[in-house]
Amino acid sequence: MTTKQRFQQAEFAAWVGIVGNLFLAVLKAIVGTVGNSRALVADAVHSASDVIGSVAVLIGLKAAKLPPDSDHPYGHGKAESIAAIIVAVILFLAGLQIGYSSFQALFAPAVTPSVLAVFVALFSIVMKELMFQYKFRLGKKLNSDALITNAWEHRSDVLSSVAALIGIGGAVLGGYLGLPWLVYLDPLAGILVSLLVMRVAWKLGRESIHNTLDHVLHEEDALKLRKTVESVNGVIRVDELYAREHGHYVIVDVKIAVDPDLTVEEGHQIGKQVKDKLMKDHEHVQDVLVHVNPYREKPAFSSSFPKKP
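This is how it looks when you write it as structure tokens:
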């Protein structure tokens, strides 16, 4: 898959999130308001925050696909992770808002929600789970932090809709059975929703911050890169290989040993073959710096991961 195709699929997924969440937010807000359901209105706020989150993802994806320039020689790959952080912050703030409005409802006169709110909550659960499965699988396929983070937003919305459904259903049942205390299950469900939302936001924000920092590739992934370099004709030995993650891209710095009797031009061609093969066989490798050295006896290969004691 080319980089262009990767971004096209990711951007389409972001638009699916924008349109889908906007529809659900409006639907739940209207039915929740008319049907006297605090939990459904709170869930609508959550869906509205997902709209903002999907927009942030779209902006991040557009920035990430910009070509390298003088200020960003390694591209704009970290823009996706930064967008994911913005999404996490928005999600956390939405959770606070949901909790506050639901807490206030506990001290208001008990009002039985409409049965229609139950069906809307059920519909929301199905829609959000479908959106989660689509974005999560695509995010894993494309190695996109922003899409995966946005997918988990949908899953948190599923959980919040389940909590809302329980609260609304219990409140409706309480109204029909003449049990006023059951009616307060609706705002209590809203408080539970807020806690779920903030927990997910905290976890995703922490992971996204970690991904904005350069860190070495895992040992097994670095070994795959090493084997690719060793397969290039003319490479006698891989002296060193350092690979670091830069957003969803990988930057490789490798030192190879070649026949000392080769000309500078011949050595350069081998180095070019190493770079081309790494970038062809490993689609997430964004840039490769190859150092060509004459072959001499020396200690074995060192890599981007620490030696085990």
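Numbering (my numbering), first residue to last: 22 to 330.
All residues carry an ideal CB built from backbone N, CA and C; glycine is no exception.
- By the CB criterion at 8 Å, Leu203 and Gly195 fall inside the cutoff.
- Among the bridge pairs identified by DSSP, Ile272 is matched with Arg265 and Asp308.
- Counting only unbroken stretches of 4 or more residues, the alpha helix (DSSP H) elements lying wholly within the region 183-243 are 201-204 and 206-233, in sequence order.
- In the DSSP assignment, Arg158 falls within the alpha helix (DSSP H) that extends over Val136 to Leu163.
- No residue range can be given for Glu318, since it is assigned to no alpha helix (DSSP H) and is classified by DSSP as neither H nor E.
- Beta-bridge analysis with DSSP links Ile277 to Val259 and Val313.
- Boundaries of the alpha helix (DSSP H) harbouring His289: Val285 to Asp302, taken from the DSSP string.
- The alpha-carbon of Lys248 is positioned some 38 Å away from that of Val108.
- Under the three-state reduction of DSSP, Asn254 is assigned to coil, being neither helix nor strand.
- In this structure, Val279 sits away from Val309, with a CB-CB distance that is not shorter than 8 Å.
- For the 8 Å CB-CB criterion, Ile277 and Val306 do not form a contact.
- Sequence-distant Cβ neighbours of Ser122 in its own chain, meaning closer than 8 Å and more than five residues away, are Arg59, Val62, Ala63, Val66 and Gly211.
- At a Cβ-Cβ threshold of 8 Å, Val136 and Val193 count as neighbours.
- Looking only at Gly120, Tyr263, Asp282 and Leu209, the smallest Cα-Cα distance to Val311 is reached by Tyr263.
- The region 140-158 makes no contact with the region 212-232; the number of CB pairs closer than 8 Å stays below 3.
- A direct Cα-to-Cα measurement between Phe113 and Val221 gives close to 8 Å.
- Taking the C-beta atoms as reference points, Leu163 is found nearer than 8 Å to Gln30.
- Approximately 22 Å separates the beta-carbon atoms of Leu159 and Ala46; this is outside 8 Å, ruling out the contact.
- Around the beta-carbon of Asn254, fewer than 16 other beta-carbon atoms lie within 10 Å, marking it exposed.
- Cβ atoms of Ser102 and Asp166 come within 8 Å of each other, at about 5 Å.
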